[in-house]
Structures are given as structure tokens and as C-alpha cells.
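Going line by line, the protein sequences match chains L and R.
So the first sequence is numbered by the working numbering: it starts at 6 and just counts up by one.
So the second sequence is numbered by the working numbering: it starts at 4 and just counts up by one.
Quick notes on the structure that follows.
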Amino acid sequence: MGMSESPPSHPRPRELEAFVAGEPSPGVEAHLQGCVACRHRATLLEQDREHHLARLPAAVFLAQVATRRREHAARARRRNVVLATIASGLGVATAAAAGLAIVPGGPGGPTGLSGPTQPSTPVAPGGPSEASEPSEPSAADDTRMKGTAIQIFRKRGEQVMPVGDGDRIRAGDGLRIALTLERPDRVSVWFVDRTGRIDPYPGTDPGAALGTDPGPEQGALASGDRPTSLAAGYTLLPGGVVVDAPCVDMRLIVQTSAGQLERALRCE
Amino acid sequence: VASNLTDDEVVEIYNQYGALLLRRCRLLLGDAGAAEDALHETFVKIWSYGASLRTATSRLAWLYRCVDRNCFDVLAARARRAEQLFDPLAPELARLPATTRDEAADWEIVRMFLHRLDERLQRIAVMHWVDEMTQDEIAAETGWSRQTVCKKLKQLRERAARLAVRLGAQESWA
């Protein structure tokens, strides 16, 4: 390695390397005829290539790269599922890219939290508000996407109320989800809390064991693998969740074949 | 046109350029293991998105750009890990001379803060210290004027000298 002040007649390292690699360069070729030093450099590069290929032949190297490609692809698939669920901005962007109109009906995104957090805890179908079925939603308190709407109901004590703009949740609240679909569809529903933990909504993921934490990726995949078929129109999803203590800001994500909807839930 | 290369094309590229690319990775990363890893990553990308290589004026220049970017990423990741460990300077770096003596010593030090430079400055540093290109050639490749390239290189050298002094002081203190 030296300074750039080598005589101009000598080819630059990159020129010599390109020539050794087989890229045609009449200037370099002519130079090598009369320059012992550069010929020596070229010979060293050629020897280096021979040694390298003897040590790591193309077939072996490509097999290694192919394995790595498969690992990358598998990771990318997992990441895509998780990102599609977690990233709120991405959710909006995806929907926008697909030409979908999202009307955020809920409060703004979660704010930063400090200290240890505890995510919401799924409860069994027939949970907190099974006995008190909410009525169908009004347009004001839901989130819509081309005829698809989410409505969240909160049961606090004996009172059941839709969670509207500015409403907050707190530990002990029971939550139930209602979806309105324009046409029959398969949907998956998750809660993603501020810490990144994902809890499949039990009503749409009967395979998710209650009280277990499969981890974000596994949870997302498990739920994504088992979407629930819903009829067109209004459906109050079976089951519900109870917000555990301490309450953690979270988002409700609903994945349909048309795209993704989300709703922010903020703690008091 | 497919965005990826065929297996045969990748084999050909590897046979022709693999050793050179690995050599460059070693120069940029200063570590044989990391260099081989970077070479693998480079070929993963080439295999999947390397179709434009077919029409490149110089395949080597194209491949070097690709491998350089990968190495810059590795350096940045390495720096992040070091910062997480509150160990901004690897122990072997402390053994470097207190003042820069020649271009090779300069490069060893520039490599330490390469990850902190923007991509154009990274390329200038590599073109100067690794490719040994003249300032005119660097200017032509980067689109900056020769005066700007000269100024940037001067800044890089000064920064390297300051870091060398710091490393020397650290060595003395130790």
C-alpha cells in the first residue's frame, strides 16, 4: 500500500487487478511486457487466486453461499411477518400503497414507557364480557378500511363501553373486539405492546396456549398461520383479554386479505 | 430481465474475482474471518440482485463497490458492538504508533474511524489508500472537484494524526 504518487506509467492497483481478473486492458498488457515490478505484482495476484481457489473451490463456496441465502430468506420471511404486525408506520404505508383508505378512529400512537412492563394477558373465550354483548358500532368510534372496521369494547366493572377517541384503558379492563367486514374473509388479530410482545387475540387463534409466551416471532407466525374465517358484516369475536398490571400501551392489529388495520390503545 | 444471476454466472464471477474480493475485504476489515464472512454476504447479494453486473463497464469496479459497502456495514456494526461494551478502541489499536509515519500506518488508523464517515468520504478513503488512485481520478469517480478531494483527504489525514496521538497517549498511560 503506498501513496498515489507512483509513476503514471505503472497501472494503478485496481487496473492491474482488473487485468489479472481477465478484463481486457491493452495499456496494462503492454506495460507488463516491459516492467518487471508490475509483472511480479501480477504474478502474485495470479498465485493468490490459484491458492484461494484451491483452498475454497467454487463448488464449496457456492454451497456455503446458498445455505446463507436460504437462511437470509427464512429470516426475511419471519421478519416480514413480524414487521407487518409491529411497525405501525409500515402498517399505514402498506395500506396506503395498496390504495386503502384508513381512517384512524383511535387515539394517537403509544408514547414511550419507562421501567418494566407487563403485557396484556389473554383470557379464555367467554372471558370478561361474554355476558354483556355490546351493540353494533357507530362510525365514530372505529377504524375503517374499505368497509372493514374495528371496534373495541371495554368492560370496566359492570359497565361496557366502546373505546373511542381519547378513551384509555387500565389494568383490569376487559377488552373485546368486533369486526365489520365488507365480504367474508380470513382475519388474524394480535395485540402488540410497547415492548414488542405479541399476543394473538384468543378468539382468532384457538391454537395459542393461554398463559404462554411463544415470543414475538413465534406468536405472530402461529396466529398468521391460523387466520379465522369470518362472515361479512358485524362479528363480535369470541373471547377477550384482560389488561394486566401494569398497563402497557399497545396496538391492536387486524390482518385481512385486503390489508392491515390497526388501533392504538393507550393506558391511563 | 431477471434481477438475479444464474448459478453459472456466479461461479464464473467467483472464479474470476473471488480472490480479489476477499483480498479487498481483508484490507478493509483487517481480519481474515470477518473478510470471509463479508465475502459470503457480498455473494449473497450478487447472486440475488447482481443482474446489472452484466452490463457494467468494469465488473471489478462494480464488485468492489458492492464489497466496499458490505465492509463499511461490518465496520459500523463492529463499532456499535464496541460502543456497547464501552470499548471504543480495540486493544491492538493501542499498539499503533503515536504519530502516523506513512500511508500504510495512516490507513490502519483511518480504518478505525471509517465507519463514522459518510459513504462518499468512505469511498474517497478507500480509493486513496487502498486503490491508490490520484486525486484527479477520485474526483472523476466521486463527482467532487479535485480541490474538494484534496481538502477531504487533508482532513482525513489530520483526523488520523489526532487519533494516532490519542492512541499514543493511551499507550503511554497504560
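Cβ coordinates follow ideal geometry from the N, Cα and C atoms, glycine included.
query                                                                                                                                                              : result
Can you tell me whether leucine 14 (chain L) is helix, strand or coil according to DSSP?                                                                           : Position check: residue 14 (chain L) holds serine in this sequence, whereas leucine was assumed. DSSP places serine 14 (chain L) in coil when its eight states are reduced to three.
Do you know offhand how far valine 3 (chain L)'s Cα is from glutamate 267 (chain L)'s?                                                                             : In this structure chain L extends from 6 to 273, so residue 3 (chain L) is not present and cannot be described.
Can you check whether the CB of leucine 31 (chain R) is closer than 8 Å to the CB of leucine 2 (chain R)?                                                          : Residue 2 (chain R) falls outside the range modelled here, since chain R spans only 4 to 177, and no answer is possible.
Closer than 8 Å by beta-carbon distance: list the chain R residues that pair up with glycine 27 (chain L), in chain order.                                         : Gln19
As an exercise, report each continuous beta strand (DSSP E) stretch of at least 3 residues that is fully enclosed by the stretch 13-46 of chain L, in chain order. : none
Helix, strand or coil for alanine 22 (chain R)? Go by DSSP, reduced to three states.                                                                               : helix
Are any of the Cβ atoms in chain R nearer than 8 Å to that of glutamate 22 (chain L)?                                                                              : yes
Around the Cβ of arginine 114 (chain R), are there at least 16 other Cβ atoms within 10 angstroms (buried) or fewer (exposed)?                                     : buried
Report buried or exposed for proline 29 (chain L), applying the criterion of at least 16 other Cβ atoms within 10 angstroms of its Cβ.                             : exposed
Methionine 136 (chain R) CB to nearest chain L CB: under 8 Å?                                                                                                      : yes
Please identify, using Cβ separations under 7 Å, the residues of the stretch 156-169 of chain R that lie next to chain L, in order along the chain.                : none
Just to confirm, is the Cβ distance from arginine 199 (chain L) to valine 247 (chain L) under 8 Å?                                                                 : no
Starting from the beta carbon of valine 129 (chain R), find every residue of chain L whose beta carbon is closer than 9 Å, and list them in chain order.           : Within chain L, no residue comes near valine 129 (chain R); the closest Cβ sits about 10 Å away, beyond 9 Å.
In chain order, what residues of the stretch 57-77 of chain R put their CB closer than 8 Å to some CB of chain B?                                                  : The chain labelled as chain B is not found among the protein chains of the depicted structure, namely L and R.
Compute the Euclidean distance between the alpha carbons of aspartate 204 (chain L) and aspartate 53 (chain L), then round it to the nearest angstrom.             : 54 Å
Which residue from L:Glu163, L:Gly244, L:Ala154 and L:Asp170 puts its Cα closest to that of arginine 188 (chain L)?                                                : L:Ala154
When the Cα atoms are used, what is the spatial distance from phenylalanine 75 (chain R) to arginine 73 (chain L)?                                                 : 20 Å
Just to confirm the assignment, what range does the alpha helix (DSSP H) spanning glutamate 267 (chain L) have?                                                    : Unbroken run through glutamate 267 (chain L) is the beta strand (DSSP E), 264-270; no alpha helix (DSSP H).
Go through its chain and collect everything with a Cβ distance to arginine 46 (chain L)'s Cβ below 7 Å, but skip five positions before and after it.               : Leu21
Answer with yes or no whether the minimum CB distance from proline 31 (chain L) to chain R is below 8 Å.                                                           : no
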